[in-house]
Amino acid sequence: MKSAVIVFPGSNCDRDAHDALAKLTGKAPAMVWHKDGEIPAGT
């Protein structure tokens, strides 16, 4: 499974979501800035 965490200014749980997904899936999710025009390839 591939995953990504959308990062917004002022949010404080993006690292927690990243760590939880990494622990559950065994793979680090991509961190995607909210203003990025697209999700990275392979995500």
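Add 46 to a position in the sequence shown, counting from 1, and you land on the number used in our numbering.
The C-beta atom is built at its ideal place from N, Cα and C for all residues, glycine as well.
DSSP lists ALA76 as the bridge partner or partners of ALA50. In this structure, the alpha-carbon of GLY83 lies about 19 Å from that of ASP60. Residue burial is scored here from C-beta neighbours: PRO55 has fewer than 16 other C-beta atoms within 10 angstroms and is therefore classed as exposed. In the structure shown, LYS69 falls within a helical segment according to DSSP collapsed to helix, strand and coil. Counting other Cβ atoms within 10 Å of its Cβ, PRO86 stays below 16 and is therefore classed as exposed.
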